[in-house]
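Peer 1: The structure's right below; bear with me while I get my questions together.
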Amino acid sequence: MAVTEPFIDISGLSKTFTLHNQGGAVIRVMDGAALSVRPGECVGLTGASGSGKSTLMRMIYGNYLAASGSILVGRVDVARAEPREIIRLRREVLGYVSQFLRVVPRVPTLDVVAEPLLTLGVAPDAARHKAQTLLARLNIPERLWTLSPTTFSGGEQQRVNIARGFVHDYPALLLDEPTASLDAQNRETVLCLIEEAKARGAAIVGIFHDEGARNRVCDRVVDVTAYTPQAA
Amino acid sequence: MTRPYDIATRHRAAGRIARAPDGAMAAGQADLTGTAPLLRVEGLTKRYGTRIGCADVGFDLWPGEVMGIVGESGSGKSTLLNCLAGHLPPDSGQVLFDTRTGGLKDTVTMSEPERRMLGRTDWAFVHQHARDGLRMNVSAGGNVGERLMAVGARHYGTIREAAIDWLGRVEIGADRVDDRPTAFSGGMQQRLQIARNLVTGPRLVFMDEPTGGLDVSVQARLLDLLRGLVREMGLSAIIVTHDLAVVRLLADRLMVMKDGHVVESGLTDQVLDDPQHAYTQLLVSSVLQV
């Protein structure tokens with residue numbers, strides 16, 4: 081296969097937090113980070129807790145502002161893009177499976193999972209059908225589909241989050257501990273979903289504490305400790 | 019003109035993004051990448067004597083975008099909303115709206131009849147208190163139908179049909195069409211107000227604390243309804259609220275106001291999770307956890 085251009089390309093990325101209400105303390109959390117991910121590739125972020133794995137992930141998603149550097153996802157530089165460009169990027173290109181489920185209370189699980197497709201203009205029936213397929217694969221019992229996921233167990237909520245993240249074929253995916261609280265069978269399903277996403281050409285950045293999962297789906301690992309500024 | 023208080027823009031001013039070729043990511047709905055904003059606000063200022071209502075506010079709102087405005091009581095967010103919607107004359111500045119016929123037009127200097135026409139067609143205003151936006155002694159169906167008649171609908175059957183359709187969309191049963199809003203609960207009144215506002219297919223909706231004063235259970239249902247309508251109709255909306263949880267679920271973008279000034283703006287989750295301004299940091303860290 082010919083060498084393809086990276087789809088996610090990060091360079092010279094740094095991040096500081098300024099705590100205005102705590103004496104204006106400036107905390108440097110990342111310096112000179114670089115990362116590139118090609119289509120069909122999964123790169124695992126490693127490093128001790130607090131080394132900045134989630135911070136890097138949040139910056140790629142535009143959730144944290146970069147202090148300097150660039151974060152190219154496709155042709156959009158998330159570090160400089162206008163909000164509306166990031167909104168569009170998230171809708172069409174960049175999916176994110178976080179560890180926390182944040183939804184409007186009382187909305188049925190099926191609609192929560194179908195929403196990314198509805199937002200893209202997919203017909204409601206087709207969107208719900210795709211959502212059903214994923215919920216079934218992830219072993220969410222059908223009797224729960226009409227209930228809000230806010231009442232679900234941690235593992236069930238996580239699977240709803242995963243279904244939501246895989247319902248649209250995003251060209252780029254960010255996965256924050258997608259297998260953390262899953263049993264063996266569901267873990268296997270999620271790893272298969274990741275492998276399928278890679279096979280269709282998705283560029284994936286993931287955090288996996290589960291070493292077995294990491295070894296299986298990640299083509300490379302990047303230790304973010306290299307980008308953690310040394311304490312002054 | 020630059021936007022002096024838009025921290026995100028200032029932060030990003032260093033470079034422009036490389037744009038994808040036109041249509042490279044064609045989507046089937048609200049176009050967030052059109053070349054013209056739906057609303058462009060520049061240097062909007064309103065004073066009450068020597069006191070500042072809002073000062074030098076500027077932003078662009080694009081089709082399909084929902085923008086939240088947050089800040090504490092007296093921060094100027096309601097003054098700003100009322101200036102934008104033409105309810106209050108600003109002392110200076112422009113509110114340019116992408117009219118269907120003439121493109122971007124300053125609604126501040128446009129004639130009163132023209133502005134009122136906008137208010138009946140392309141604009142809608144959802145008040146915090148439903149009774150400010152409803153006619154309380156007219157039936158629910160009449161409340162919805164009245165706005166249709168204001169834009170020229172005359173056929174009784176058609177109007178009643180549209181009214182019942184819209185009551186259904188906001189989950190008010192057809193059997194309540196002849197009841198007056200006084201017989202409705204607070205949540206129902208608010209949903210009726212939304213139906214009355216959206217029946218004419220507006221492109222821009224102003225909302226002042228739309229979920230304020232409602233029980234949390236009713237609030238959730240209303241939020242879901244609003245999200246669905248925004249998505250299906252490709253609406254743009256400006257929502258003033260003091261509830262950060264509401265904007266997180268409803269708004270794509272956020273502006274934070276303090277003492278009449280916009281102190282920070284950006285993507286909603288970015289402003290809430292990585293606030294840059296001291297006041298926003300205080301605001302976010304003051305939210306009580308449930």
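First to last, the protein sequences are chains A and B. Positions 81 to 312 (the numbering used here) are the ones given, in order, by the first sequence. Positions 19 to 308 (the numbering used here) are the ones given, in order, by the second sequence. C-beta atoms are modelled at their ideal positions from N, C-alpha and C, and glycine is treated no differently.
Which stretch, first to last residue, makes up the beta strand (DSSP E) that contains A:Gln-310?
Peer 2: If you number the first sequence from 1, residue 310 of chain A lands on position 230. Unbroken run through A:Gln-310: none, as it is neither H nor E.
Peer 1: Note down the Cα distance separating B:Gly-230 from B:Ala-238, rounded to an integer number of angstroms.
Peer 2: Taking the second sequence and counting its residues from 1, one reaches residue 230 of chain B at position 212. Taking the second sequence and counting its residues from 1, one reaches residue 238 of chain B at position 220. Approximately 12 Å, taken between the alpha carbons.
Peer 1: What residue from A:Ile-284, A:Val-240, A:Leu-224 has the CA that sits closest to A:Ser-261's CA?
Peer 2: For the purposes of this step, residue 261 of chain A is taken as residue 181 along the first sequence, with counting starting at 1. If we check each option's Cα against that of A:Ser-261, A:Val-240 comes out closest.
Peer 1: Using beta carbons (cut-off 8 Å, strictly below), is A:Leu-190 in contact with chain B?
Peer 2: Locating residue 190 of chain A in the first sequence gives position 110, counting from the first residue. No - not a single Cβ of chain B is within 8 Å of the one on A:Leu-190.
Peer 1: Give a yes or no on whether the minimum CB-CB distance between B:Gly-204 and chain A is below 8 Å.
Peer 2: Position 186 of the second sequence, counted from the first residue, corresponds to residue 204 of chain B. Closer than 8 Å: no.
Peer 1: Between A:Ala-114, A:Phe-232, A:Ile-274, which has its C-alpha nearest A:Cys-122's C-alpha?
Peer 2: For the purposes of this step, residue 122 of chain A is taken as residue 42 along the first sequence, with counting starting at 1. Closest by alpha carbon: A:Ile-274.
Peer 1: Locate the beta strand (DSSP E) running through A:Ile-220, then write down its first and last residues.
Peer 2: Start at 1 with the first residue of the first sequence, and residue 220 of chain A comes out as number 140. Careful: A:Ile-220 lies outside any beta strand (DSSP E) and carries neither H nor E.
Peer 1: If we define contact as Cβ-Cβ less than 8 Å, is B:Arg-239 a contact residue for chain A?
Peer 2: Here residue 239 of chain B refers to the residue found at position 221 when the second sequence is read from its first residue. Output row for B:Arg-239: interface = yes.
Peer 1: Answer yes or no: does any C-beta atom of chain B fall closer than 8 Å to that of A:Thr-199?
Peer 2: Residue mapping note: residue 199 of chain A aligns to position 119 of the first sequence, counting from 1. Taking Cβ atoms only, chain B reaches closer than 8 Å to A:Thr-199, which makes this a yes.
Peer 1: Which of the three DSSP states is assigned to B:Phe-172 in this structure?
Peer 2: Looking up residue 172 of chain B in the second sequence gives position 154. Sequence check: residue 172 of chain B is Arg here, not Phe. DSSP places B:Arg-172 in coil when its eight states are reduced to three.
Peer 1: Can you find a CB in chain D that lies within less than 8 Å of the CB of B:Ser-254?
Peer 2: Absent from the structure: chain D. Protein chains present are A and B.
Peer 1: Should A:His-100 be flagged as near chain B, meaning a C-beta pair shorter than 8 Å?
Peer 2: Stepping through the first sequence from its first residue, residue 100 of chain A is reached at position 20. Interface with chain B (8 Å Cβ-Cβ cutoff): A:His-100 is included.
Peer 1: Grab the span of the alpha helix (DSSP H) containing A:Val-193 for me, first residue to last.
Peer 2: As a first step, residue 193 of chain A is located in the first sequence; it is residue number 113 there, counting from the start. 189–199 is the span of the alpha helix (DSSP H), which, as asked, contains A:Val-193.
Peer 1: How about B:Thr-51: is its C-beta nearer than 8 Å to some C-beta of chain A?
Peer 2: In the second sequence, the residue the question calls residue 51 of chain B occupies position 33. Residue placement at B:Thr-51 is flagged as unreliable, the pLDDT there being 47, under the threshold of 50; the coordinate-derived value follows with that caveat. Chain A contact via Cβ: present.
Peer 1: In whole angstroms, what is the alpha-carbon distance linking A:Leu-181 and B:Gln-294?
Peer 2: Here residue 181 of chain A is taken as the residue at index 101 of the first sequence, counted from 1. Here residue 294 of chain B is taken as the residue at index 276 of the second sequence, counted from 1. The alpha-carbon atoms of A:Leu-181 and B:Gln-294 are separated by roughly 25 Å.
Peer 1: What residue ranges within the region 86–163 of chain A form continuous beta strand (DSSP E) runs of no fewer than 3 residues, ordered along the chain?
Peer 2: 88–99, 105–117, 122–126, 148–153
Peer 1: For a test of the three-state rule: what should DSSP assign to A:Ile-284, helix, strand or coil?
Peer 2: One-based indexing of the first sequence puts residue 284 of chain A at position 204. Note: A:Ile-284 maps to strand in three-state DSSP.
Peer 1: Under 8 Å between C-beta atoms, does B:Ala-296 make it to chain A?
Peer 2: Here the question's residue 296 of chain B lines up with position 278 in the second sequence. Taking Cβ atoms only, chain A reaches closer than 8 Å to B:Ala-296, which makes this a yes.
Peer 1: How long is the line joining the alpha carbons of B:Leu-300 and A:Val-297, rounded to whole angstroms?
Peer 2: For the purposes of this step, residue 300 of chain B is identified with residue 282 of the second sequence, where counting begins at 1. For the purposes of this step, residue 297 of chain A is identified with residue 217 of the first sequence, where counting begins at 1. Looking at the two C-alpha atoms, the distance is approximately 41 Å.
Peer 1: Considering only the beta carbon of each residue, do A:Asp-256 and A:Ser-178 sit closer than 8 Å?
Peer 2: In the first sequence, the residue the question calls residue 256 of chain A occupies position 176. In the first sequence, the residue the question calls residue 178 of chain A occupies position 98. Yes, they are a contact pair.
Peer 1: Is the beta carbon of B:Leu-243 less than 8 Å from the beta carbon of B:Gly-205?
Peer 2: Taking the first residue of the second sequence as 1, we reach residue 243 of chain B at position 225. Taking the first residue of the second sequence as 1, we reach residue 205 of chain B at position 187. No, these two residues do not count as a Cβ contact at 8 Å.
Peer 1: Using three-state DSSP, classify A:Glu-257 as helix, strand or coil.
Peer 2: Taking the first sequence and counting its residues from 1, one reaches residue 257 of chain A at position 177. Coil.
Peer 1: In the DSSP assignment, what are the bridge partners of B:Gly-205?
Peer 2: On the second sequence, residue 205 of chain B is found 187 positions in, with the first residue counted as 1. DSSP output for B:Gly-205 lists no bridge partner at all.
Peer 1: Taking 8 Å as the threshold (beta carbon to beta carbon), is A:Val-177 in contact with chain B?
Peer 2: On the first sequence, position 97 is the one that residue 177 of chain A refers to. Judged by the 8 Å Cβ criterion, A:Val-177 is not in contact with chain B.
Peer 1: Classify B:Tyr-174 as buried or exposed, calling it buried when 16 or more other Cβ atoms lie within 10 Å of its own Cβ.
Peer 2: Your numbering for residue 174 of chain B matches position 156 in the second sequence. B:Tyr-174 should be labelled exposed.
Peer 1: A:Asp-303 by DSSP, collapsed to three states: which one?
Peer 2: Numbered from its first residue, the first sequence carries residue 303 of chain A at position 223. Note: A:Asp-303 maps to strand in three-state DSSP.
Peer 1: Less than 8 Å between CB atoms is the rule here; does B:Asp-183 satisfy it with respect to chain A?
Peer 2: Within the second sequence, the letter at position 165 stands for residue 183 of chain B. Judged by the 8 Å Cβ criterion, B:Asp-183 is not in contact with chain A.
Peer 1: Taking 8 Å as the CB-CB cut-off, is B:Glu-90 touching chain A?
Peer 2: To locate residue 90 of chain B, count along the second sequence from 1; it is residue 72. Chain A, which has no Cβ nearer than 8 Å to the Cβ of B:Glu-90, makes this no.
Peer 1: Between the region 219–249 of chain B and chain A, which residues of the former have CB atoms less than 9 Å from a CB of the latter, in chain order?
Peer 2: Flagged, chain order: Val-234, Ser-235, Gln-237, Ala-238, Arg-239, Leu-241, Asp-242, Arg-245, Gly-246, Arg-249.
Peer 1: Determine the closest residue to A:Ala-282 out of A:Val-117, A:Gly-112, A:Ala-293, A:Arg-155, with distance taken between C-alpha atoms.
Peer 2: Here residue 282 of chain A corresponds to residue number 202 of the first sequence, with the count starting at 1. Comparing Cα positions, the closest option is A:Val-117.
Peer 1: How about the region 132–139 of chain B and the region 247–266 of chain B: do they share at least three Cβ pairs that are nearer than 8 Å?
Peer 2: no
Peer 1: Can you pull the chain B residues whose beta carbon is under 9 Å from the beta carbon of A:Val-302, in chain order?
Peer 2: Start at 1 with the first residue of the first sequence, and residue 302 of chain A comes out as number 222. Within 9 Å Cβ-Cβ: nothing; A:Val-302 doesn't reach chain B, min ~22 Å.
Peer 1: Do the CB positions of B:Met-85 and B:Ala-263 come within less than 8 Å of each other?
Peer 2: Taking the second sequence and counting its residues from 1, the one referred to as residue 85 of chain B is at position 67. Taking the second sequence and counting its residues from 1, the one referred to as residue 263 of chain B is at position 245. Taking 8 Å as the Cβ cut-off, B:Met-85 and B:Ala-263 do not qualify as a contacting pair.
Peer 1: Does the beta carbon of B:Gln-288 sit closer than 8 Å to a beta carbon anywhere in chain A?
Peer 2: Residue mapping note: residue 288 of chain B aligns to position 270 of the second sequence, counting from 1. Closer than 8 Å to some Cβ of chain A, the Cβ of B:Gln-288 qualifies, so yes.
Peer 1: Verify whether the separation of the beta carbon atoms of B:Pro-108 and B:Leu-79 is less than 8 Å.
Peer 2: Mapped onto the second sequence, residue 108 of chain B falls at position 90. Mapped onto the second sequence, residue 79 of chain B falls at position 61. Contact flag unset, no.
Peer 1: Find the nearest neighbour of A:Thr-199 within the set A:Arg-244, A:Ala-159, A:Val-153, A:Glu-222, judged by alpha-carbon distance.
Peer 2: As a first step, residue 199 of chain A is located in the first sequence; it is residue number 119 there, counting from the start. Cα-wise, what sits closest to A:Thr-199 is A:Arg-244.
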